[in-house]
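> Here this note's numbering is used: the first residue of the sequence shown is 23, the next is one more, and so on.
The structure that follows is given in the form of C-alpha cells.
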Amino acid sequence: MVKGWRRVWETVTVEDGKVAWFHVSSLGEFEQARPVIKRFREEHGEYKVWVTFFSPSGYEVRKDYGEAERVTYLPMDTPRNARRLVEKIRPEVAFFVKYDFWFNMLKELQGRGVPTFLFSAIFRESQYFFKPYGGWFRRALGCYSHIFVQNEESLKLLRESGVEWCSRAGDTRFDRVREIAQQSDGDRKVERFVKGGTGRCIVAGSSWEPDEEMLKRYMDECGEALRVVLAPHVISENHVEKIERLMGKEVCVRYSQMDEGTDVSGKRVLIIDNIGLLSRIYRYADVAYIGGGFGRGIHNILEAITYDVPVVFGPNHRKFQEALDIIRLGGGVGYSRYEELKEAMERLLGDEAERRRASEVCRRYVAENIGSTERIMETVNKQLKV
C-alpha cells in the first residue's frame, strides 16, 4: 500500500485541460461512482476524468478502467501532499463517495474554489461529526459544495447540525445494478444446471464457510429436490475442495468443468469457481442467499433484488440501509439462528403466494430508488453553471 502511494508522484504529471476528479476508497465505492462517472462523461465530454483509489485491491482491479484518462492511488492526506496533488491534477470539479473525508484534500480544494461533492453518503449519530467535541469535523463538512445522502436519517442529522447544503439523492448502486441487469445476458451453463432438475433454486452469492454450513444443513433437512448455485467469496482450490467435501462431491459440479456433455441431472450444487458471473446469475434464483452475515458484513443484496428475487442473509447486516429496508418491507429476511433460516426458506420456497409477494416488494423497492445519478447530476450541473 505504501509503495502504491509513493508511486503516485511517478505517474502524476501536470494536467492540461479540464479535469474531473473522482476519489473512491475501494471497489465498493468505485461501483457507486461508476454511474456518475459515465453520466458526467456523457454530459461533459470536454473533461478528462481522473480516478484515485485508497485501497490497493480496488486499484489493482480497476487500474485499466476505460472511462478514465488516469487511475492512480491517493497519497497520504497531509497538507503537503494535498497541495502537491491538486496542483498537478488541477481539477475543476471533484467528487468523493460515501465515507471519504480527506480533510487536507478537502481544505485544499475549497481554498482553490473547486466545486466538491460527496455522494451516496451515510451518516450515523455515533460519528464524530455529531458529538459535542465534533466541531472541527463538522466544519470540515463545509468544504463540500453539496452532500448527497442515501437516507432521511442522514439528512436529518446533517440539518440538525447546521449543514444545509445537502439533499437526499439515494444510492447510486441502484442505477448501477439496474444497468447491469438490463444489459447483461444470462449464462447457458447455469441455466442448463437449473433447468436440469426439478425443485426450487437458491443462488448463494459471496458465501463464506458459516453460510455454506447453514445451507448444507437446510439442504439435508428440506426433503425436496432443491438445487443450489453456490458462488463462494473465496474461490481458491482449497476452499472449493472444502465445499465439495461438505456438500458431497458426488452431488457437486464445478462451473469450470462443465461443458455441453456434462450430465447434471444428479447434481444438486453448482460451484461457481470463477469471478464476474454473480451479478448475472441471480436471475435464476427463486431465493437468493447473500453471504458474509457471520463475518464483517453481508455482501451486495442489490444485485439480487434487481431481478425481483427475495433475499435471505445472516445477522451482520445492520449497517446496510438496503438490508434494513428490505426486511422492513418484507422482501427479505435476516436471521441469526438456523431455525430462523429454515423458517424463512420454507416460507419463501414453499409458499408460492408469499414468494410472489416478496418478489413484488423487491421490484417496487428498486423502482423507487433508481434515479440517484439523475438527481446528483442536476445539482452538479447547476453548480458548474451548465
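For each residue, glycine too, the CB sits at the ideal point set by N, CA and C.
Count the other CB atoms within 10 Å of the CB of ILE297; is the residue buried (16 or more) or exposed (fewer)?
That one is exposed.
> Is it true that the CB of GLN405 sits closer than 8 Å to the CB of HIS261?
Taking 8 Å as the Cβ cut-off, HIS261 and GLN405 do not qualify as a contacting pair.
> To test your reading of the DSSP string, which unbroken beta strand (DSSP E) runs of 3 or more residues are found completely within the segment 281-368?
Here the runs fully enclosed are 291-293, 309-312, 333-335 and 354-356.
> With ALA230 as the anchor, note down where its alpha helix (DSSP H) starts and where it stops.
The question names Ala, yet the displayed sequence has Trp at residue 230. It is not in any alpha helix (DSSP H) - TRP230 carries neither H nor E in the DSSP assignment.
> May I have the straight-line CA-CA distance separating LYS271 from GLY336, to the nearest angstrom?
Approximately 26 Å between the Cα atoms of the pair.
> Mind checking MET23: buried by the 16 CB within 10 Å criterion, or exposed?
Low confidence applies to MET23: its pLDDT is 47, below 50, so where it sits in the model is not reliable, and the reading given next is rough at best. The residue in question, MET23, is exposed, as its Cβ has fewer than 16 Cβ neighbours within 10 Å.
> Does the beta-carbon distance from LEU237 to ILE293 come in below 8 Å?
Not in contact: LEU237 and ILE293 (Cβ atoms no closer than 8 Å).
> Which residues share a DSSP beta bridge with SER189?
For SER189, which the question treats as bridged, DSSP gives the partners PHE170.
> Can you give the Cα-Cα distance for SER79 and ARG385, rounded to whole angstroms?
Distance between the alpha carbons of SER79 and ARG385: 32 Å.
> Drop a sphere of 10 angstroms on the beta-carbon of VAL1, count the other beta-carbons inside from all chains shown, and report buried for 16 or more, exposed for fewer.
Residue 1 is absent from the model: the chain starts at 23 and stops at 408.
> CB-CB under 7 Å to VAL286, same chain, minus the five flanking residues each way: which ones, in chain order?
Correct list, in chain order: ARG214, PHE215, GLY218 and VAL275.
> What is the rounded straight-line gap between the Cα of ASN338 and the Cα of VAL309?
Looking at the two C-alpha atoms, the distance is approximately 19 Å.
> Counting only beta-carbon atoms, is GLY372 nearer than 8 Å to chain D?
The chain inventory of the structure shown lacks chain D, comprising one protein chain alone.
> Could you please give the first and the last residue of the uninterrupted beta strand (DSSP E) stretch that includes SER142?
Per DSSP, SER142 belongs to the beta strand (DSSP E) from 138-143.
> Tell me whether TRP158 sits in a helix, a strand or coil according to DSSP, three-state version.
Helix, per DSSP.
> Within 10 angstroms of its Cβ, does LYS153 collect 16 or more other Cβ (buried), or is it exposed?
LYS153 should be labelled exposed.
> Keeping to the same chain, check which residues put their C-beta closer than 8 Å to that of VAL273; ignore five residues upstream and five downstream.
Excluding positions up to five away in sequence, the list reads GLY288, LYS289, ARG290 and VAL291.
> With distances taken Cα to Cα, identify the nearest neighbour of GLY283 among ALA162, ARG210 and PHE118.
Checked all of ALA162, ARG210 and PHE118; the closest Cα to GLY283 is ARG210.
> Applying the criterion that 16 or more other CB atoms from any shown protein chain within 10 Å of the CB defines a buried residue, is GLU147 buried or exposed?
It is exposed - the Cβ of GLU147 has fewer than 16 other Cβ atoms within 10 Å.
> Taking LYS110 as the reference, give the member of ARG92, PHE117, PHE118 and GLU175 with the closest Cα.
It is ARG92.
> Skipping 5 residues on each side, what residues in its chain have a beta carbon closer than 8 Å to that of PHE316?
Excluding sequence neighbours, PHE316 sits near TRP230, PRO232, ASP233, GLY336, PRO337 and ASN338.
> Does DSSP classify MET23 as helix, strand or coil?
Interpretation of MET23 is limited by its pLDDT of 47, a score under 50 that renders its predicted location unreliable; the figure taken from the coordinates is listed afterwards. The answer is coil: DSSP assigns MET23 none of H, G, I, E or B.
> With DSSP collapsed to three states, give me the class of VAL93.
It is a strand residue.
> Tell me where the alpha helix (DSSP H) around HIS261 begins and ends.
Here the alpha helix (DSSP H) through HIS261 covers 259-269.
> Mark GLN54 as exposed unless 16 or more other C-beta atoms lie within 10 angstroms of its C-beta, in which case mark it buried.
Its Cβ being crowded by 16 or more others within 10 Å, GLN54 is buried.
> Taking just the CA atoms, how far does ASP207 sit from GLY192?
Cα-Cα distance, rounded: 27 Å.
> Excluding the 5 residues preceding and the 5 following SER183 in the sequence, name in chain order all residues of the same chain whose CB lies nearer than 7 Å to its CB.
Result list for SER183: PHE151, PHE152 and ARG160, in chain order.
> Rank PHE44, GLY156, ARG63 and TYR357 by C-alpha distance to the C-alpha of ASP122 and give the top, closest one.
Residue PHE44 is the option with its Cα nearest to ASP122.
> Taking the alpha carbon of ARG410 as the reference point, which residue from TYR360, GLY319, GLU325 and LEU351 has its own alpha carbon closest?
What the structure shows of the chain is the stretch from 23 to 408, and residue 410 is not part of that stretch, so it cannot be assessed.
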